[in-house]
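Peer 1: Handing you a structure now.
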Amino acid sequence: MGQPVVTDLESLAAARAVLTEIGLVENQAIRLRPSSGHNSSLLLPCVGPTGVEFVLKYFVPPADGRFYPAGVKLEDYARRESAFYRYLDGIDPERREIPAPRTILIDPSDPPHWLLLEWIRSAPGPAEESLGLDQIFTALAALKSIQTEHLVGRRDFPLSHWDVVSYIDRVRLMYDAVLQVIGQRRWRRALDFFDEAIRWTESRPAVFVHGDFTEQNLLVDANGEPFLVDFERVGVGNEDHDFAWLWIHSTRGQDWKRALLARWFATRWGSDRIKSEWGIRAALVYLALRRLRFGSLSQGVDDVNAARNLALLDAALGGGPDLFPLPDA
Numbered sequence: 181m182g183q184p185v186v187t188d189l190e191s192l193a194a195a196r197a198v199l200t201e202i203g204l205v206e207n208q209a210i211r212l213r214p215s216s217g218h219n220s221s222l223l224l225p226c227v228g229p230t231g232v233e234f235v236l237k238y239f240v241p242p243a244d245g246r247f248y249p250a251g252v253k254l255e256d257y258a259r260r261e262s263a264f265y266r267y268l269d270g271i272d273p274e275r276r277e278i279p280a281p282r283t284i285l286i287d288p289s290d291p292p293h294w295l296l297l298e299w300i301r302s303a304p305g306p307a308e309e310s311l312g313l314d315q316i317f318t319a320l321a322a323l324k325s326i327q328t329e330h331l332v333g334r335r336d337f338p339l340s341h342w343d344v345v346s347y348i349d350r351v352r353l354m355y356d357a358v359l360q361v362i363g364q365r366r367w368r369r370a371l372d373f374f375d376e377a378i379r380w381t382e383s384r385p386a387v388f389v390h391g392d393f394t395e396q397n398l399l400v401d402a403n404g405e406p407f408l409v410d411f412e413r414v415g416v417g418n419e420d421h422d423f424a425w426l427w428i429h430s431t432r433g434q435d436w437k438r439a440l441l442a443r444w445f446a447t448r449w450g451s452d453r454i455k456s457e458w459g460i461r462a463a464l465v466y467l468a469l470r471r472l473r474f475g476s477l478s479q480g481v482d483d484v485n486a487a488r489n490l491a492l493l494d495a496a497l498g499g500g501p502d503l504f505p506l507p508d509a
């Protein structure tokens, strides 16, 4: 029997009860986006008795009537992020190497219901003015520096897997939901594409992956230093995944996105450039199919984003200048 639907108001009330329990007060003067991009958590800015600011991250329980990515266990989001913060506390408690908030408290439950984190005060003004290419590539380099061998195999750390083989495993779970939208020809083409992508990328070592590397999860403080947040999807896999995620989710102008892509490819030549293109395309094919699955399940034939996501799927499957519109040398 499924769990009862947990409304946003119920989750908000539960989060406020946590604040009361640990002796903090909600900071009504600060307004954040109310929930994570995948509706698995909500954020409450808060303040302690001495005026120190924090943020409470409350993990929303799974609910009937909501659709989550194929193959996901929602409770693992909380386990994964809590385990990552514990890992950071062990190797970099002052966050000198990894730009992330410091941990204040972690709920001891399994799975944890909440985290209390350091409040990072963002630079004033729109993110487009403070978050530039330098900050983005600084954050990407910090992620790449994390040694994956210290994380793999830990029972308390259910790492996500973002390699091409794992994309295929998730995509196969989407068959029933996406077939009527994309048709048999596109489905077959997607599977053939992944077979070829494996051949191009299988020799590359797995790296640490944030998993949801978007502008919403990158903060820049008043000193111009970048900080990463939202580690619910961290794992190992494709070295191009985080870049592809940021690049395709960004709503900035095409000139900026071309500059971002050019900087990514600037250190990748010959076969490394080709492998990187395959890595980006694989991430985008997976993302397009995931979006189409969500639209099919939640809206059926009325999915207003279906045409846009089909266009992304076709562009990623085809590659070439339609997907990678770099300026002429």
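If you want this note's numbering, it's the position in the sequence shown, counting the first as 1, plus 180.
Every residue gets a Cβ at the ideal spot worked out from N, C-alpha and C, and that includes glycine.
Computed from a predicted model, the values in this text were never measured in an experiment.
So residue 323 and residue 388 are supposed to be a Cβ contact under 8 Å. How far apart are they, rounded?
Peer 2: Position 143 of the sequence shown, counted from the first residue, corresponds to residue 323. Position 208 of the sequence shown, counted from the first residue, corresponds to residue 388. Contact flag correct, Cβ pair sits at about 6 Å.
Peer 1: Taking buried to mean at least 16 other C-beta atoms within 10 Å of its own C-beta, is residue 216 buried or exposed?
Peer 2: In the sequence shown, counting from the first residue as 1, residue 216 sits at position 36. Note that residue 216 scores a pLDDT of 49, beneath 50, so its modelled location is shaky and nothing firm can be said.
Peer 1: What three-state label does DSSP hand residue 191 in the structure shown?
Peer 2: One-based indexing of the sequence shown puts residue 191 at position 11. Three-state DSSP puts residue 191 in a helix.
Peer 1: Measure how close the beta-carbons of residue 426 and residue 316 come, nearest whole angstrom, since I'm counting them as under 8 Å.
Peer 2: For this step, residue 426 is matched to residue 246 along the sequence shown. For this step, residue 316 is matched to residue 136 along the sequence shown. Rounded, the Cβ-Cβ distance is 7 Å, consistent with contact.
Peer 1: With distances taken between CB atoms, is the gap from residue 393 to residue 422 smaller than 8 Å?
Peer 2: Counting from 1 along the sequence shown, the entry for residue 393 is found at position 213. Counting from 1 along the sequence shown, the entry for residue 422 is found at position 242. Cβ distance < 8 Å, so residue 393 and residue 422 count as in contact.
Peer 1: Exposed or buried, which one is residue 239 when buried takes at least 16 other CB atoms within 10 Å?
Peer 2: For the purposes of this step, residue 239 is taken as residue 59 along the sequence shown, with counting starting at 1. Flag for residue 239 reads buried.
Peer 1: On a Cα-Cα basis, can you pick out the residue from 336, 446, 361, 402 that is closest to residue 482?
Peer 2: On the sequence shown, position 302 is the one that residue 482 refers to. Among 336, 446, 361, 402, the Cα nearest to that of residue 482 is on 361.
Peer 1: Hey, could you find the ends of the alpha helix (DSSP H) residue 324 is sitting in?
Peer 2: Taking the sequence shown and counting its residues from 1, the one referred to as residue 324 is at position 144. Note, residue 324: alpha helix (DSSP H), 313–324.
Peer 1: Use the C-beta contact count for residue 337: other C-beta atoms within 10 angstroms, 16 or more gives buried, fewer gives exposed.
Peer 2: As a first step, residue 337 must be located in the sequence shown, where it is residue number 157. It is buried - the Cβ of residue 337 has at least 16 other Cβ atoms within 10 Å.
Peer 1: If the criterion is Cβ atoms closer than 8 Å, does the pair residue 267 and residue 412 meet it?
Peer 2: For the purposes of this step, residue 267 is identified with residue 87 of the sequence shown, where counting begins at 1. For the purposes of this step, residue 412 is identified with residue 232 of the sequence shown, where counting begins at 1. No, they are not a contact pair.
Peer 1: If I measure Cβ to Cβ from residue 460 and keep anything under 6 Å in the same chain, skipping five residues before and after, which residues do I get?
Peer 2: One-based indexing of the sequence shown puts residue 460 at position 280. The residues are 420, 424.
Peer 1: How big is the Cα-Cα spacing for residue 386 and residue 329?
Peer 2: Counting from 1 along the sequence shown, the entry for residue 386 is found at position 206. Counting from 1 along the sequence shown, the entry for residue 329 is found at position 149. Approximately 10 Å between the Cα atoms of the pair.
Peer 1: Could you have a look at residue 220 and say whether DSSP puts it in helix, strand or coil?
Peer 2: Within the sequence shown, residue 220 is the residue found at index 40, counting from 1. In this structure, residue 220 counts as coil in the three-state DSSP scheme.
Peer 1: In terms of alpha-carbon separation, which member of 448, 466, 378, 437 lies closest to residue 355?
Peer 2: Stepping through the sequence shown from its first residue, residue 355 is reached at position 175. Closest option to residue 355, Cα to Cα, is 466.
Peer 1: Which residue spans inside the stretch 223–274 form an unbroken beta strand (DSSP E) run of at least 3?
Peer 2: Taking only runs of at least 3 residues, the beta strand (DSSP E) segments lying wholly in the stretch 223–274 are 233–239.
Peer 1: Among all the DSSP beta bridges, which residues are the ones paired with residue 337?
Peer 2: Counting from 1 along the sequence shown, the entry for residue 337 is found at position 157. Paired residue(s): none; residue 337 is not in a bridge.
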